[in-house]
Ligand SMILES: [Fe+2]
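Numbering (the numbering used here), first residue to last: 16 to 448.
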């Protein structure tokens, strides 16, 4: 019998953990790219079918670069309680926030490297990708933690949230620059929805309360689109105060680009937006639906979209910025929450760079399945796009870590990886501290 979509092709898991040294490099790796590129994604054990792309055990892939050389590649599963003990997420004593896959993102904050998944605690890992264990910030974290926390480039604080099946459905959290959980605040929402990402501006937190609604009785992956839920974006002052909700056209968003406040106090949010039909088709496919019509319809994906929210008038302006299918928006995070000009996305077999000032875009085809392009600023950068984009590109059974010049998407270098890296989710560049 044919394997489901999420166990086939570029998504097919690898069976084991390996180490490789002195990787072949084409082109010239900039010496200042000294550090580690880590990337996370689902990788069920050999023979295991988790039933959905999103529920496979997290596996980290790491590439160590130093002084123009690619010293090593290694891949490791995150040793969560779910991985090692097959512990149930929902057991007799309730939800176990450590019994998760940790399969979505990997970030570093206050010297700790955290593997993240949105339904549970982060797992700390070492720079060699060994698992340390779950993190609850000294017992202060009592909800899950999103896989998309936001580090404020000015204060160094890490803003994040947790959402769950039971009230309070949504809780905002803030870590100090030193990694101490200093604030947890309940945000009132009408129900439990799948909230994958959020946005932060200089003064506000933005919530995406969209119609992928949780119902326990659904079982399996218990979220589905419900027209009656509506869709709204919430704006909460970072400093405290009530959340103001703006009704928007129903849609789904996995990933926001950047958000900021303009000179008139309006809030601008860019994101990769799915229409209802495109989202439900995609959801069916990654959940293993066997209907070929569903798969075909899912070839349409998210498109770049902008919402402008005016707190003074309550007005919402929506703009489709492009009609190409793109995902995994990234940008120069030294401008997180502030107006930024460039946004990088991936479009299947290439990278699309948007100039949000002039409305231009540039495309770089790679000829392979192209993973999220992580922006790394150059030392002494003089422009917002002065830096590199790192992306895992896969053609057949061969994967490379591609390094592009973010200014013009030209080739800088390519590191040949010792094996195929399954298409996954998110990664980070961890420079030397
Ligand atoms: Fe994500």
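Ideal placement from N, C-alpha and C gives every residue a C-beta, glycine not left out.
- When Cβ pairs closer than 8 Å are counted between the two stretches, the stretch 54-61 is seen not to touch the stretch 284-294, the count staying below three.
- Leaving aside the five residues that flank residue 20 on each side, the residues in its chain whose CB is nearer than 6 Å to its CB run, in chain order, 300.
- Between the C-alpha atoms of residue 270 and residue 87 there is a straight-line separation of about 30 Å.
- Cβ neighbours of residue 216 within its own chain (closer than 7 Å, five residues either side excluded): 274, 275, 276, 282 and 352.
- Secondary structure note for residue 301: its alpha helix (DSSP H) is the uninterrupted segment 291-301.
- Where residue 53 is concerned, there is no enclosing alpha helix (DSSP H), although the beta strand (DSSP E) around it starts and stops at 50-57.
- Nearest to residue 161 by alpha-carbon distance, out of 175, 154 and 280, is 175.
- In this structure, DSSP gives residue 81 an extended state, which the three-state scheme calls strand.
- Assignment of residue 42 by DSSP, reduced to helix, strand and coil, places it in the strand class.
- Distances from the alpha-carbon of residue 328 to those of 318, 279, 189 and 350 put 279 closest.
- Not one heavy atom of ligand 1 lies closer than 7 Å to the C-beta of residue 428.
- Around the beta-carbon of residue 48, 16 or more other beta-carbon atoms lie within 10 Å, marking it buried.
- Inclusion of residue 144 and residue 73 in the CB contact set at 8 Å is not warranted, their separation being larger than that value.
- No residue range can be given for residue 157, since it is assigned to no beta strand (DSSP E) and is classified by DSSP as neither H nor E.
- Here residue 212 is buried, its C-beta having at least 16 other C-beta atoms within 10 Å.
- Per DSSP, the unbroken alpha helix (DSSP H) holding residue 99 starts and ends at 96-100.
- As computed with DSSP, residue 377 is found in a beta bridge with 368.
- Inter-residue distance for residue 110 and residue 159 is about 10 Å (C-alpha atoms, whole angstroms).
- Counted as a single uninterrupted DSSP element, the beta strand (DSSP E) harbouring residue 444 occupies residues 442-446.
- Each of 119, 120, 162, 163, 211, 212, 269, 270, 440 and 441 has a C-beta closer than 7 Å to some heavy atom of ligand 1; these make up the full list, in chain order.
- Membership of residue 262 in the beta strand (DSSP E) is indicated by the continuous run 259-262.
- Across the structure, residue 254 and residue 371 are spaced so that their CA atoms are roughly 29 Å apart.
- With a cutoff of 8 Å on beta-carbon distance, residue 392 and residue 355 are scored as not near each other.
- Counting along the chain, residue 274 sits inside the beta strand (DSSP E) bounded by residues 267-276.
- Cβ atoms of residue 128 and residue 140 come within 8 Å of each other, at about 5 Å.
- Cβ contact annotation for residue 400 (same chain, cutoff 6 Å, sequence separation greater than five): 357, 421 and 422, in chain order.
- Collapsing the DSSP output to three states places residue 152 in coil.
- Under the three-state reduction of DSSP, residue 89 is assigned to strand.
- In the structure shown, residue 232 falls within a helical segment according to DSSP collapsed to helix, strand and coil.
- Across the set 181, 81, 190 and 102, the C-alpha of 190 shows the shortest separation from the C-alpha of residue 171.
- Burial check for residue 37: the Cβ neighbour count within 10 Å stays below 16, so the residue is exposed.
- Between residue 45 and residue 389 a beta carbon distance of about 15 Å is seen, past the 8 Å cut, so the two are scored as non-contacting.
- For residue 348, the secondary structure class from DSSP, reduced to helix, strand or coil, is helix.
- Here DSSP, grouped into helix, strand and coil, assigns residue 62 to coil.
- One alpha carbon belongs to residue 33, the other to residue 405, and they sit about 21 Å apart.
- Residue 325 carries a strand assignment under DSSP once its states are collapsed to helix, strand and coil.
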